[in-house]
Structure formats: C-alpha cells, structure tokens
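Participant: Mapped onto the working numbering, the consecutive letters of the sequence shown carry residue numbers 1 to 807.
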Amino acid sequence: MEYYHILLSICQKEEIPLAERYKQMRSLLERLCRTQLQDESLQMTDLSARISYVAAKVGLDVREQNRLHTFRLTSNKILNRQEEPDREKLLRDAKTLAFFVRRLFGQDIPAELYRLLPKTDATYIASPLSSREKIRRMRVCFQYSDEAYLYVTPVDAVADEPLRVRYNVPDSNAEFNDTCGLLWRHAQINLLDVLVDETGVLIPSFMVLEPDYLIDISALAECFREYGHHPANYNLSKLQPAENSRPLLLGNIANLFLDEWIHASQKADYRACMKKAFQRYAIELIACADLQDPEIEKQFFADSRLHFESIGKTVTETFRMPGYELDKTDAVIEPSYICEALGLQGRLDYMQRDMLSFIEMKSGRADEYAIQGKIEPKENHRVQMLLYQAVLEYAMGMNHREGKAYLFYTRYPLLYPARSSWAMVKRAINLRNRIVADEYGVQQHNSIEYTARKLSEINSETVNERKLKNTLWARYLSPPIDGFAKKLQVLTPIEQAYYYSLYNFITKEQYTAKSGDTDYEGGGMGTASLWLSSLAEKCEAGEILCDLGITENRASDEHKAHVVLSRTDSVSFSEDTPEALPNFRAGDAIVLYERNKDTDNVTNKMVFKGNIEAITENDITVRLRAPQRNPAVLLADSLYAVEHDASDITFRAMFLGLSAFVSANQERRDLLLGQRPPEFDTAFDSQITASDDDFTRITLKAQAAEDYFLLVGPPGTGKTSRALKQMAETFHQAKKRGRLPVASLTCCLHHRLAKEIKQALPFDGADEPLRVRYNVPDSNAEFNDTCGLLWRHAQINLLDVLVDETG
Numbered sequence: 001m002e003y004y005h006i007l008l009s010i011c012q013k014e015e016i017p018l019a020e021r022y023k024q025m026r027s028l029l030e031r032l033c034r035t036q037l038q039d040e041s042l043q044m045t046d047l048s049a050r051i052s053y054v055a056a057k058v059g060l061d062v063r064e065q066n067r068l069h070t071f072r073l074t075s076n077k078i079l080n081r082q083e084e085p086d087r088e089k090l091l092r093d094a095k096t097l098a099f100f101v102r103r104l105f106g107q108d109i110p111a112e113l114y115r116l117l118p119k120t121d122a123t124y125i126a127s128p129l130s131s132r133e134k135i136r137r138m139r140v141c142f143q144y145s146d147e148a149y150l151y152v153t154p155v156d157a158v159a160d161e162p163l164r165v166r167y168n169v170p171d172s173n174a175e176f177n178d179t180c181g182l183l184w185r186h187a188q189i190n191l192l193d194v195l196v197d198e199t200g201v202l203i204p205s206f207m208v209l210e211p212d213y214l215i216d217i218s219a220l221a222e223c224f225r226e227y228g229h230h231p232a233n234y235n236l237s238k239l240q241p242a243e244n245s246r247p248l249l250l251g252n253i254a255n256l257f258l259d260e261w262i263h264a265s266q267k268a269d270y271r272a273c274m275k276k277a278f279q280r281y282a283i284e285l286i287a288c289a290d291l292q293d294p295e296i297e298k299q300f301f302a303d304s305r306l307h308f309e310s311i312g313k314t315v316t317e318t319f320r321m322p323g324y325e326l327d328k329t330d331a332v333i334e335p336s337y338i339c340e341a342l343g344l345q346g347r348l349d350y351m352q353r354d355m356l357s358f359i360e361m362k363s364g365r366a367d368e369y370a371i372q373g374k375i376e377p378k379e380n381h382r383v384q385m386l387l388y389q390a391v392l393e394y395a396m397g398m399n400h401r402e403g404k405a406y407l408f409y410t411r412y413p414l415l416y417p418a419r420s421s422w423a424m425v426k427r428a429i430n431l432r433n434r435i436v437a438d439e440y441g442v443q444q445h446n447s448i449e450y451t452a453r454k455l456s457e458i459n460s461e462t463v464n465e466r467k468l469k470n471t472l473w474a475r476y477l478s479p480p481i482d483g484f485a486k487k488l489q490v491l492t493p494i495e496q497a498y499y500y501s502l503y504n505f506i507t508k509e510q511y512t513a514k515s516g517d518t519d520y521e522g523g524g525m526g527t528a529s530l531w532l533s534s535l536a537e538k539c540e541a542g543e544i545l546c547d548l549g550i551t552e553n554r555a556s557d558e559h560k561a562h563v564v565l566s567r568t569d570s571v572s573f574s575e576d577t578p579e580a581l582p583n584f585r586a587g588d589a590i591v592l593y594e595r596n597k598d599t600d601n602v603t604n605k606m607v608f609k610g611n612i613e614a615i616t617e618n619d620i621t622v623r624l625r626a627p628q629r630n631p632a633v634l635l636a637d638s639l640y641a642v643e644h645d646a647s648d649i650t651f652r653a654m655f656l657g658l659s660a661f662v663s664a665n666q667e668r669r670d671l672l673l674g675q676r677p678p679e680f681d682t683a684f685d686s687q688i689t690a691s692d693d694d695f696t697r698i699t700l701k702a703q704a705a706e707d708y709f710l711l712v713g714p715p716g717t718g719k720t721s722r723a724l725k726q727m728a729e730t731f732h733q734a735k736k737r738g739r740l741p742v743a744s745l746t747c748c749l750h751h752r753l754a755k756e757i758k759q760a761l762p763f764d765g766a767d768e769p770l771r772v773r774y775n776v777p778d779s780n781a782e783f784n785d786t787c788g789l790l791w792r793h794a795q796i797n798l799l800d801v802l803v804d805e806t807g
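1) Which residues in the same chain have their Cβ closer than 6 Å to the Cβ of T577, if we skip the five residues on either side of it in sequence?
2) Under DSSP, the beta strand (DSSP E) around A174 begins and ends at which residues?
3) Using alpha carbons as the reference points, say which of P231, N430, Y114 lies closest to E465.
4) Of all the options I494, Y53, P582, L183, which has the alpha carbon lying nearest to the alpha carbon of Q675?
5) Within the continuous alpha helix (DSSP H) that includes R368, where are the two ends?
6) Which of the three DSSP states, helix, strand or coil, is assigned to D547?
7) Let me know the alpha helix (DSSP H) ranges lying completely inside the segment 620-664, each 4 residues or longer, listed in chain order.
8) Roughly how far, in whole angstroms, is the beta-carbon of A626 from the beta-carbon of E334, given that I think they are within contact range, below 8 Å?
9) Alpha carbon to alpha carbon, how far is A452 from K486? Give it in angstroms, no decimals.
10) Which of helix, strand or coil does DSSP assign to T603?
11) Drop a sphere of 10 angstroms on the beta-carbon of P762, count the other beta-carbons inside from all chains shown, and report buried for 16 or more, exposed for fewer.
12) On the three-pair Cβ rule with 8 Å, is the segment 556-563 touching the segment 612-627?
13) When the distance is taken between beta carbons, is V391 closer than 8 Å to S343?
14) If we require 3 or more residues per run, which beta strand (DSSP E) segments fall completely within the segment 174-209?
15) Report, in whole angstroms, the separation of the C-beta atoms of E340 and P211, which I expect to be a contact under 8 Å.
16) How far does the alpha helix (DSSP H) with I481 in it reach, from first residue to last?
17) Measuring straight from C-alpha to C-alpha, what distance separates T512 and Y167?
18) Do you know offhand how far I203's Cα is from A148's?
19) From which residue to which residue does the alpha helix (DSSP H) around A728 run?
20) Per DSSP, I333 forms a beta bridge with which residues?
21) I need the straight-line Cα distance from L256 to R792, nearest angstrom please.
22) Note down the Cα distance separating R629 from E309, rounded to an integer number of angstroms.
23) Just verifying my parser: in three-state terms, what is the DSSP assignment at N430?
24) Considering only DSSP beta bridges, list what P417 is partnered with.
25) Could you tell me which residues DSSP pairs with K362 in its beta bridges?
26) Here's the rule: buried if 16 or more other CB atoms are within 10 angstroms of the residue's CB, otherwise exposed. What is N775?
27) T410 and M351: beta carbons closer than 8 Å?
28) Do you know how far the Cα of E509 is from the Cα of Q24?
29) Quick check: what's the CA-CA separation for S659 versus Y499?
30) Give me the residue from S556, R554, E552, L530 with the minimum Cα distance to L545.
31) Give me the Cα-Cα distance between V772 and N797, rounded to the nearest whole angstrom.
32) What's the C-alpha gap between R652 and Q703?
33) Between the alpha carbons of H306 and Y270, how many angstroms are there, rounded?
34) Mapping DSSP to helix, strand and coil, what is T153?
35) Near Y412, what residues of its chain come up, given a Cβ to Cβ distance below 8 Å and the 5 sequence neighbours on each side ignored?
36) Distance, Cα to Cα, I590 vs N252?
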C-alpha cells in the first residue's frame, strides 16, 4: 500500500535529514485526513479540526486521537524551527501514523515496516490547566454544549477529555450568548483572557468564531447604524454599489492633506496639494455626478480648503499641546495589521512608531444631536477606534489602557480622545461572529432556498432593532433597505435562481480564499496560510521570501515609493533549492514586514502592503501603497519578509455585478440569462459573406453585433495583434459610440497592444504641441478651475473633441 511504503521509506532512509522526514510525515497526515473529507462539504482548513472530524467519523478513542495530536504539535515545532527533531520521536510518530492508516483502510502493517517501529505504545503527555491560571489566548475545537458549558478540545495541547467552557457569565462573556447558539461541531474558536477556576473550568472574556476568516475593521464598524447592528447590514453593504459621492472624494483628499501636513517642513501649500489631488483622483473627480452642478462644485472646493486649514491647525498646534503626545516627525502613515486572535484586519490613518498613539481621521460629521450643544463621535466611528485598540493589544501586545487613540474630525476640527469600552468591543466581536456564521452557513449549505431566507433578512423591520419611527428613519434610512428587497421580489423565478446561485458561488470562493481549501495539497493557500502554514511549508511552496535586507530605500518618494531588498545570505532567488523557487512575479500584491526571529509573522508585526515592481535573481523591488518619509519606519539594519497578500476587491466587484444585474432592465436580464438571443444588424450580412479575409470578416461581425461580440481562439492566432487592432481602427473611423474593444491577455502583450491601438488613433507623435481652447461657453468653461491647476507634463484625457479649421 502506498501509505505504508512512504512510512517505510521515511524510517529507512537515514541519509535524509530528520526535519525533512518530519515534513514528509506531516504531508502524509494531511493526505490521510483529506481522503476522509472528499465527499464532505465541510470547510475545515486547520489540521487539528480535520483530525477531530476524522476521529469522530471512524471512531478513534481518546488515546488514538491524542497520539495524532501529539505528532501534529511535534511537527509544528520542528517545521517552525522551535525544536530539534530526534530519531526516537520520529519512530514514535511513524508508529502513530501506521496504526492510523490501518484503522482507516483495514490493511495490516507490513512486517518490514512493523519491525522498525517501537515495541511500546506511543505515549503522549496531557497538559493539565493550573487552577486560577490566566491564559491570554487559547484556540479550541468545539465539540458540543449543554445549558451550562461548551465542551471543547484544545488545539495547541493534548487533553484526555474535553475541556469545559462556562458561557453566559455576567461581566465576563455574556455578550457572546448569540455566538454560543450558532456553533457547529469542529468549529474553531479563539478564547481570549481565559480564567481557569478551581475545578478546571474555563471562563473566557472573548470568544472568536473561526478566527482564520478575517473581516475588515471598517466593514464591521459600518454595521453599527443608527437603527441597530444586525448582521444583515453587512450583507446589504456588500450588495449595494458605493456611490462616487462628494463625501467619499472629500475623505480621500483629506487623507492626502494629512500626509502633506505631517511631512511638511514648515507649512503645506494648498495649491500644490490640490494639484496632487487632481493627479491622484482625476477619474473620480471627473466621474462624480455631484460635481457637475457648478454650485456644488464651488462648495466642494470651499470644503476642501476648510479641511486643509483644519488639518494644518491640528498638526501644527494641537499635536504640540501637553497631553496629546503626538510627534509628527516619528509617524507611520497607513500601517496595516492582521489580528488572527480577533479574526480582524485593518489599516490606520496615522500612528506613532511606538504604537502608543494613533489617529483615525473622519471628514464627515460627528454626532451633533446626541447631547445638545456638544459634539460626540458617531457609534460606528467609536467602534472602529475600539477595534483598532483591541487589535494593537492582542496582536502587538500594547496595553489599551496605556495607549492613546484619537478620532480626528477634520470638519470642526476636533481631535477626540477615545474612551476604552471593552464591553463595546465584545459586542462588536459577537457581531463579527454572527457574520462569519452566516458566511459559513451560505457556503456550507450551498442552497438557493437557504440563501433566499438569509437575504430576506435585509428588510427594514428586521434591521431596525431600535424600533426607530422618526423622520430620519422613514425618509432616509429605511427606503434603501426596502428598495433592495423589492428589487429581488420583482425578479422572475429563473432570475432569482441565478442570483442566489451566483451569490452562493461567490461566497464559497471568498470563504476559500480567506480560510483556505481542504482539497489543496499542502493544506491551504488561503490568506490563513500566512499563519497556519509552517516556515518549512512556505519555503517549499515558494510562498515566502525571508532574510531580506534593504539595499535601496526609496520609501519616501512621493511618486512610486519603493524599496529594493536582497537576500542577506548566499542563496539567490533562482538557485535550484526548495527555498529558492519563489512563487512571486511582477505585479503580485504582497505584504512586507520585519522578520528577525522565527516567531515573527504577519500577526504580530506591523505590515506594509504593496506590489512587486520587479524581481530578479538577486533582489526584489516592492512598490509601497503608502510612502513612508520617516526613515526610522523601515530600518536599514533589520531583516524583512515578503508574502502574498489577498484582497476582498475582486469579490466586492463580483457582488456589485449581482447588484448591476438586479438593477438592469428586463431586456438586459433576458439577454444575460439566454432568454433572448443577442441581436445583430443584418445590413452587414452581405459584406460578411463576401469577405475573403478572416480578420475583415471578424471585424464586420463585431460591427454587426448590437449586444456583444465574443472572439475566442488559441494563443498566437492574432486575436489581439490583428483582430482587436482592426476593430479599434474601424470603430474609430466609423465614429461608432458605445463600442469598447477589450482583450483578456497576458501581461507580456499589454505594451504591444497599447502601442498598436495607439497607432490607430489621431494626433499620435505630433511634431509640435497641439492647441486646446479652454473657457469656451457651453463647451468646457466648467473646467476653468482645472486649467488653473495644471503643471507641466500633467496627463489629461480630452473627451468629445471638436477639431476646428485651424487644427
């Protein structure tokens, strides 16, 4: 049998290092567990949970389970360089796996292998809990519950029997009663700040369900609305398109102002800042419908000036006042954090490098009505601040009682010191758990009926937990909520089936992208592999570049801020060794963090997000998303690691596609679902039939298509270089609006395509500057402000251009 043959090879081949053999045995255990999960829809990416599930499925007793968990824990330590392997333990664990194989498949252990195994039974040491002990963090696997306790098995230790967790304890964990009612067998839970009483019962302060499923802090905080904080708010927000609104633009520009004021040696220049804003947010400014109104546009720029001055006053005056402890010369801009303990991730606007003080900036209004004559922070903003404090405490070890957190309302200006409320944090984490349970349920059931029931919770009666009846609720808050439900109700049965099926698919894909895939050889590939996979597994898969030193620090560059890093040892990225075959390429989204010890990882270090600009045999260039002008942020004498990053942007776009579907007219929906055939202009039929040239015929068919035209073919057949180029030329000459040629192609073709399409357009490579007339009434006079802000070499898109007789 193959599994026995692998174990025999591991026991016999003394020339293979023990650590490598442990890696092979770990891989074997992963494969064995997956053989029992192939026909299951369970999403369990943690090996401990999979062992528990398989043990229950095949009827392993406690001793057999604990021997498997002992091997799992031993291999964790060895593969993470926390323990040196020895041959005696390796043979002990090989015996555990051999007996596991026999139990799963009913085949006797071959005599040749059996003779190599220890004669005594594999032993394990249970870890008893000390009475009155306080445990900071414990991950457990849920088994079952009764009216008083949850019964769980520890993930990072071995126990002879399930541990008891007391829930519904006032002033401790009563906020998590909703969570306790949603648990399923083998669910993973993080217990935080756990008190062990004299009977060995665990009393945690926090319970975090499926912590490997990270939720963004800002998305969670936005679920706290004026009318309540139901999980349906989360689903509604991801299924509603975000408007390119004036307040959103103002917030982005205010963030730019903060960056400029922080790094200005004297005083930031408003005009220069606005030029940068136009350069950075050109498309958003042009596309913003609000700014088409001259009066609103005028008010927008007046508001921009107000926020600029408010930020400047706060940075130059308030920062220096006693008690604030804010030093702009030692700031970190937009640091990111991944907190596996709480199942959260987020990005701060501003933080002191010592992490004792941070600022979250808001360009909108605070709560001006809660207390008459006083400005208070809105609940969602307060929750966001508290969650950042909790992340810094549980990820970075910063005591929330010692740090200072500020909400900065740039409109007033108001630098508001946030008051800690751990009870509010618990309520927010309980809401996070309910959201995760909903996501798990959708992908687990994969049922149209189940999803329809879940999304039916998006209605004004359900989400209005505070039973509001005022004008604000009736006129502004409830209509968008009920509008969503009405759009779903008017869909035909086949359209609803399509909507719910696609929603299930996207949710399943997102869950897998976050937590990993049980079918993947190696145990993951989701975001959770950043902390679940061992260093040896990452190196073998090429998923980490570590021991990197900074050779060129251009992180302070305003345009294309980047750092160049190189390996500090003699191994290059391309050498033929398992650790030197990186699974990275130019353009990949990555996380960069300090890694000077084997225990350093993304969950306990400040993270900088960016993209790979270039990678060679000897070095890697990382483009940072946020410039860091403080040289102390990325220290030259530190070592760094690079790993893959994952984003919800792709899935956000998919959910918005569903929103576009329900908002489309009936004719469009019928086209997308094949209820009507795509339409063609028959006037081109004779030309298409008469054409001898394939590419001319393809272009004519594209011209004839009234709805869409798809061209599919093998690589190298001229789809891009000839067909798409000819379409662009033809559409331009025919002045046919609404035709957008799009190619799905590899990166190496992008530049060639751009060059070829550009050749088909007018005014390319002009010998002298072209003249553009501005301040033309009824044409472009609305852009006079823009014309006054231009700088040399600024890029401008000119749309609907009329060329007069003088050119």
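Glycine residues also receive a C-beta, built at the ideal position from the N, C-alpha and C atoms.
Facilitator: Reading off the structure:
1) Low confidence applies to T577: its pLDDT is 41, below 50, so where it sits in the model is not reliable, and the reading given next is rough at best. Hits under 6 Å: none found.
2) Looking at the DSSP string, A174 is not in any beta strand (DSSP E), and its letter there is neither H nor E.
3) P231
4) I494
5) Correcting the residue identity first, residue 368 is Glu in this sequence and not Arg. Unbroken run through E368 is the beta strand (DSSP E), 367-371; no alpha helix (DSSP H).
6) strand
7) 649-663
8) 4 Å
9) 13 Å
10) If DSSP states are grouped into helix, strand and coil, T603 belongs with coil.
11) Unreliable placement is indicated for P762, whose pLDDT of 49 sits below 50; no coordinate value is reported for it.
12) yes
13) For clarity, residue 343 is Gly in the given sequence; the question names Ser instead. No, they are not a contact pair.
14) 188-196, 206-209
15) 6 Å
16) Here the alpha helix (DSSP H) through I481 covers 478-489.
17) If you take the alpha carbons of T512 and Y167, they lie about 30 Å apart.
18) 12 Å
19) Segment 725-734, the alpha helix (DSSP H) holding A728.
20) Y350
21) 21 Å
22) As the crow flies, the alpha-carbon of R629 is around 22 Å from that of E309.
23) helix
24) Y406
25) Y409
26) exposed
27) no
28) 29 Å
29) A straight line joining the alpha-carbon of S659 with that of Y499 spans about 9 Å.
30) L530
31) Whole-angstrom Cα-Cα distance: 12 Å.
32) 32 Å
33) According to the sequence as given, residue 306 is Leu; it is not His. Note on geometry: alpha-carbon atoms of L306 and Y270 lie some 11 Å from one another.
34) strand
35) Contacts found: S310, A366, I375.
36) Roughly 23 Å between the two C-alpha positions.
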